[in-house]
Amino acid sequence: MTPPGAKNNARTPPSMHMLCHQAPVIPVLTITDLAHAVPLAEALVAGGLPVLEVTLRTPAALQAISLMARVPGVTIGAGTVLNPNNAREAHRAGATFAVSPGATHPLIDCCEDLGLPLLPGAASATEIMQLIDRGFDLMKFFPAAATGGAAALQSFGGPLSQVHFCPTGGISQDSAKDYLALPNVACVGGSWVAPTKMVQDERWGEIRQLAHLARQLENGRHRANGTDRHKSDSK
Amino acid sequence: MTPPGAKNNARTPPSMHMLCHQAPVIPVLTITDLAHAVPLAEALVAGGLPVLEVTLRTPAALQAISLMARVPGVTIGAGTVLNPNNAREAHRAGATFAVSPGATHPLIDCCEDLGLPLLPGAASATEIMQLIDRGFDLMKFFPAAATGGAAALQSFGGPLSQVHFCPTGGISQDSAKDYLALPNVACVGGSWVAPTKMVQDERWGEIRQLAHLARQLENGRHRANGTDRHKSDSK
Amino acid sequence: MTPPGAKNNARTPPSMHMLCHQAPVIPVLTITDLAHAVPLAEALVAGGLPVLEVTLRTPAALQAISLMARVPGVTIGAGTVLNPNNAREAHRAGATFAVSPGATHPLIDCCEDLGLPLLPGAASATEIMQLIDRGFDLMKFFPAAATGGAAALQSFGGPLSQVHFCPTGGISQDSAKDYLALPNVACVGGSWVAPTKMVQDERWGEIRQLAHLARQLENGRHRANGTDRHKSDSK
Numbered sequence: 001m002t003p004p005g006a007k008n009n010a011r012t013p014p015s016m017h018m019l020c021h022q023a024p025v026i027p028v029l030t031i032t033d034l035a036h037a038v039p040l041a042e043a044l045v046a047g048g049l050p051v052l053e054v055t056l057r058t059p060a061a062l063q064a065i066s067l068m069a070r071v072p073g074v075t076i077g078a079g080t081v082l083n084p085n086n087a088r089e090a091h092r093a094g095a096t097f098a099v100s101p102g103a104t105h106p107l108i109d110c111c112e113d114l115g116l117p118l119l120p121g122a123a124s125a126t127e128i129m130q131l132i133d134r135g136f137d138l139m140k141f142f143p144a145a146a147t148g149g150a151a152a153l154q155s156f157g158g159p160l161s162q163v164h165f166c167p168t169g170g171i172s173q174d175s176a177k178d179y180l181a182l183p184n185v186a187c188v189g190g191s192w193v194a195p196t197k198m199v200q201d202e203r204w205g206e207i208r209q210l211a212h213l214a215r216q217l218e219n220g221r222h223r224a225n226g227t228d229r230h231k232s233d234s235k
Numbered sequence: 001m002t003p004p005g006a007k008n009n010a011r012t013p014p015s016m017h018m019l020c021h022q023a024p025v026i027p028v029l030t031i032t033d034l035a036h037a038v039p040l041a042e043a044l045v046a047g048g049l050p051v052l053e054v055t056l057r058t059p060a061a062l063q064a065i066s067l068m069a070r071v072p073g074v075t076i077g078a079g080t081v082l083n084p085n086n087a088r089e090a091h092r093a094g095a096t097f098a099v100s101p102g103a104t105h106p107l108i109d110c111c112e113d114l115g116l117p118l119l120p121g122a123a124s125a126t127e128i129m130q131l132i133d134r135g136f137d138l139m140k141f142f143p144a145a146a147t148g149g150a151a152a153l154q155s156f157g158g159p160l161s162q163v164h165f166c167p168t169g170g171i172s173q174d175s176a177k178d179y180l181a182l183p184n185v186a187c188v189g190g191s192w193v194a195p196t197k198m199v200q201d202e203r204w205g206e207i208r209q210l211a212h213l214a215r216q217l218e219n220g221r222h223r224a225n226g227t228d229r230h231k232s233d234s235k
Numbered sequence: 001m002t003p004p005g006a007k008n009n010a011r012t013p014p015s016m017h018m019l020c021h022q023a024p025v026i027p028v029l030t031i032t033d034l035a036h037a038v039p040l041a042e043a044l045v046a047g048g049l050p051v052l053e054v055t056l057r058t059p060a061a062l063q064a065i066s067l068m069a070r071v072p073g074v075t076i077g078a079g080t081v082l083n084p085n086n087a088r089e090a091h092r093a094g095a096t097f098a099v100s101p102g103a104t105h106p107l108i109d110c111c112e113d114l115g116l117p118l119l120p121g122a123a124s125a126t127e128i129m130q131l132i133d134r135g136f137d138l139m140k141f142f143p144a145a146a147t148g149g150a151a152a153l154q155s156f157g158g159p160l161s162q163v164h165f166c167p168t169g170g171i172s173q174d175s176a177k178d179y180l181a182l183p184n185v186a187c188v189g190g191s192w193v194a195p196t197k198m199v200q201d202e203r204w205g206e207i208r209q210l211a212h213l214a215r216q217l218e219n220g221r222h223r224a225n226g227t228d229r230h231k232s233d234s235k
């Protein structure tokens with residue numbers, strides 16, 4: 001018998017797995033003022049969160065990605081990548097990976113052509129199976145809190161245990177624990193580490209503190225998904 | 001950068017946006033007795049709800065649509081339009097628009113061929129993105145209460161803010177407020193304004209009262225989605 | 001008017017309907033020790049649950065299906081059938097039907113070619129409509145508890161009343177009642193009748209008792225979905 005888990009994972013490149021295992025939380029950032037981009041990235045990486053997602057929701061987003069990508073120790077992905085055009089612009093701006101709330105075939109095709117690792121979103125067993133068929137075994141689960149939360153991911157872990165998730169949407173420092181305790185959660189996405197008001201007021205020290213707290217979530221992470229697993233996986 | 005919101009909206013015609021902004025609630029009606037069709041439509045429009053959805057769930061539905069479409073000041077859409085055949089019958093009966101709980105490509109193609117504005121349903125980011133790719137920026141969200149409710153729509157408003165929704169399913173006069181306060185909710189669909197028993201007993205005055213109450217929800221509507229916005233949009 | 005319910009149901013064969021109506025609960029079993037397969041099946045059928053789903057999640061699964069299929073009075077389906085390869089292996093092992101948490105076109109095509117009745121999963125109106133278009137009117141609803149529960153199925157029963165469901169995922173002896181009371185629920189899937197620890201300890205008498213209790217859920221089942229309906233349906 002060929003176990004269902006023995007799928008090729010051509011389109012979830014090893015680098016994507018490594019990125020999702022570097023820290024328990026990927027901050028989801030919406031940059032309105034370009035001047036905030038570099039100090040924000042510096043605060044987050046100093047706090048222990050080196051992988052960041054910058055959403056393509058503002059005119060400043062692409063330039064912010066370009067600037068932040070040069071901050072030492074930081075890896076920048078583009079979020080809210082909804083279509084091939086978004087993917088090409090994110091790639092040109094220097095994004096290391098792309099994140100999408102859902103997935104469409106044209107978007108997947110384009111990222112594949114660009115060699116841009118994609119973290120595609122899925123929210124149902126059918127959507128997960130369709131992404132498995134396209135080679136993915138690492139997916140965003142969005143909107144996490146509103147679509148069943150940790151209970152839904154636990155259920156998916158039964159028949160679809162080969163897939164790991166980055167739940168995003170409505171997650172807080174508190175609720176992150178429930179997700180990270182699951183064996184099929186690689187990391188969580190969250191905006192709570194960079195509150196809009198705190199960014200506007202340029203309180204980088206406090207953001208660094210929030211990032212530091214988020215990093216501590218490592219301790220409650222399921223052992224299969226911690227740094228050790230990633231190290232052995234990438235052998 | 002091309003913002004994700006700058007999609008063409010060929011298949012959500014302006015008329016569909018206008019219809020969804022005419023009143024905060026679109027009554028969802030299932031007509032079993034053809035004799036109820038006209039007085040029911042008259043009661044609802046008198047109460048302030050001029051846009052009605054008649055579901056294709058009963059043998060009387062198509063005739064009811066034909067009759068109600070002639071009531072002055074009323075716009076009638078067909079609901080439960082599941083396939084091209086339903087769409088063609090609704091169109092022939094005189095429906096001004098079609099509503100579907102979900103969406104399939106054959107249904108979208110058919111409505112496009114007919115020139116019948118479609119309000120297609122979506123319940124996940126992937127489904128929303130696929131409808132964006134087909135040109136829609138106004139969608140039904142069904143079943144609203146059971147699939148994450150207002151929290152889910154708030155989450156979709158992050159990466160998919162260009163899309164507006166008409167949540168339907170399990171919504172009441174009370175819970176409607178939470179939906180209508182969101183910037184990405186155009187209106188809500190609901191059957192509470194025409195309870196089955198009240199229709200059977202032909203208590204049109206009471207239904208008119210319920211419609212009037214529902215119309216008052218206008219006050220709690222997000223400013224971006226009120227009558228003013230629709231007026232400026234349709235310039 | 002062609003009612004939406006008048007679809008052909010070529011791919012939900014009558015046998016699948018009959019199987020789902022034989023008992024209120026289909027036990028979902030994950031067999032790790034092949035020695036447990038036959039006594040477990042015997043205990044469940046003795047308790048009154050003759051239709052069993054064995055998930056393809058363990059190396060022992062396919063052999064377990066072959067062994068259990070020979071137990072008198074038992075019908076064995078394969079669960080966690082994610083792709084054509086799984087379907088072919090399940091068919092070869094002697095599974096009478098296949099269950100999938102979601103659905104993809106290649107999987108449906110393969111089951112059709114094999115003549116293997118499929119119970120495909122759906123979790124949204126769009127997914128349900130796509131399966132209706134492929135001829136299905138009986139579907140798994142997964143993960144049931146985390147994706148809106150009985151309230152979601154009740155909502156689907158409005159515009160999509162021609163479809164019956166087998167909700168699975170997070171259902172217990174207690175919550176099963178809420179699902180089975182709905183007119184569009186054929187049966188529920190559940191693992192509570194064969195708890196892992198009880199199976200490991202080979203406490204077959206207790207499992208038989210749990211199956212017997214589950215069988216009693218027949219009493220709270222919606223009348224349209226009981227044994228009588230199935231008998232008259234299969235005329």
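Residue numbers (full-length UniProt numbering), protein chains in the order written: chain R, 1 to 235; chain P, 1 to 235; chain X, 1 to 235.
Just so you know, even glycine gets a beta-carbon here, dropped at the ideal spot from N, CA and C.
Smallest Cα separation from residue i: which of the options?
i: P:P50; options: P:I65, P:Q22, P:I31 and P:I108; result: P:Q22
i: R:V185; options: R:T75, R:T30 and R:L160; result: R:L160
i: X:Y146; options: R:P195, R:Q173 and R:A123; result: The question names Tyr, yet the displayed sequence has Ala at residue 146 of chain X. Here the closest residue by C-alpha is R:A123.
i: X:V193; options: X:L62, X:E218 and X:S172; result: X:S172
i: P:F165; options: P:A176, P:S175 and P:V188; result: P:V188
i: R:M139; options: R:S100, R:K177 and R:Q154; result: R:S100
i: X:P39; options: X:G158, X:A93 and X:W204; result: X:W204
i: P:L34; options: P:A43, P:A61, P:V28 and P:P24; result: P:A61
i: P:C110; options: P:A43, P:N83 and P:A37; result: P:N83
i: R:V28; options: R:S175, R:G115, R:Q130 and R:T80; result: R:T80
i: P:A69; options: P:G48, P:R92, P:A87 and P:R88; result: P:R92
i: R:A41; options: R:T196, R:P24 and R:L67; result: R:L67
i: X:Q200; options: X:S15, X:M16 and X:A37; result: X:A37
i: R:P59; options: R:A90, R:P195 and R:M16; result: R:A90
i: R:P195; options: R:P24, R:A43, R:S15 and R:H17; result: R:A43
i: R:N86; options: R:V54, R:V74 and R:G73; result: R:V54
Can the beta-carbon of residue i be found less than 7 Å from the beta-carbon of residue j?
i: X:V163; j: X:D137; result: yes
i: P:P13; j: P:P120; result: no
i: R:A181; j: R:G148; result: no
i: R:G102; j: P:T126; result: yes
i: P:L52; j: P:I76; result: yes
i: P:A95; j: P:I128; result: no
i: X:H222; j: X:P183; result: yes
So is residue i in contact with chain A if we call contact Cβ pairs under 7 Å?
i: P:M139; result: Although the question refers to chain A, the structure presented lacks it and instead comprises the protein chains R, P and X.
On the DSSP bridge assignment, give the partners of residue i in chain order.
i: R:V28; result: R:E53
i: X:T75; result: X:V51
i: P:L118; result: P:A98
Please report how far the alpha carbon of residue i lies from the alpha carbon of residue j, in whole angstroms.
i: X:F97; j: X:L19; result: 9 Å
i: P:I26; j: X:G169; result: 34 Å
i: P:K46; j: X:A151; result: It should be pointed out that residue 46 of chain P corresponds to Ala in this sequence rather than to Lys. About 32 Å.
i: P:D178; j: P:Q216; result: 14 Å
i: R:L56; j: P:G158; result: 11 Å
i: P:S191; j: P:A214; result: 11 Å
i: P:Q209; j: X:P143; result: 40 Å
i: R:G108; j: P:E112; result: The sequence given here places Ile at residue 108 of chain R; Gly does not occur at that position. Taking the straight line from one Cα to the other gives about 27 Å.
i: X:V71; j: X:S155; result: 39 Å
i: X:A176; j: P:Q130; result: 34 Å
i: X:G115; j: X:H17; result: 15 Å
i: P:Q63; j: P:A78; result: 11 Å
i: R:D174; j: P:D174; result: 30 Å
i: R:M198; j: P:L153; result: 25 Å
i: P:G73; j: P:F141; result: 26 Å
Problem - Continuous alpha helix (DSSP H) assignments of at least 4 residues falling wholly in the stretch 129–209 of chain X - result: Within the stretch 129–209 of chain X, complete alpha helix (DSSP H) segments of at least 4 residues are found at 149–156, 173–180 and 196–200, given in chain order.
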